[in-house]
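Numbering (our numbering), first residue to last: 590 to 650. Taking it in order: structure first as structure tokens, then the write-up.
Next comes the structure, spelled out in structure tokens:
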């Protein structure tokens, strides 16, 4: 699986919408790789510690 670093591009004030292109995906995307899983991790400072909250969504094409 690919773990690409990408920078989201916002359109106007739509920060809840992320535009992805094939450049943002792994090299085998759409060929041998037909599933994708988006993971959202939020790091919250709590005193001296950092709490991590995670959720994900996945689908097949």
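Don't be surprised by glycine CBs; every beta carbon is placed ideally from N, CA and C.
Check residue 625 in the structure and name its three-state DSSP category.
Here residue 625 is taken as the residue at index 36 of the chain shown, counted from 1. Note: residue 625 maps to strand in three-state DSSP.
In the DSSP output, what is residue 619 paired with across the bridge?
On the chain shown, position 30 is the one that residue 619 refers to. Residue 619 is not bridged to any residue.
Per DSSP, what kind of secondary structure is residue 612 in: helix, strand or coil?
Within the chain shown, the letter at position 23 stands for residue 612. Three-state result, residue 612: helix.
Can you name the start and end residues of the beta strand (DSSP E) that residue 642 belongs to?
One-based indexing of the chain shown puts residue 642 at position 53. First-last of the beta strand (DSSP E) with residue 642: 638 to 649.
Which residues in the same chain as residue 627 place their Cβ atom closer than 6 Å to its Cβ, once the five residues preceding and following it in sequence are excluded?
One-based indexing of the chain shown puts residue 627 at position 38. Correct list, in chain order: 646.
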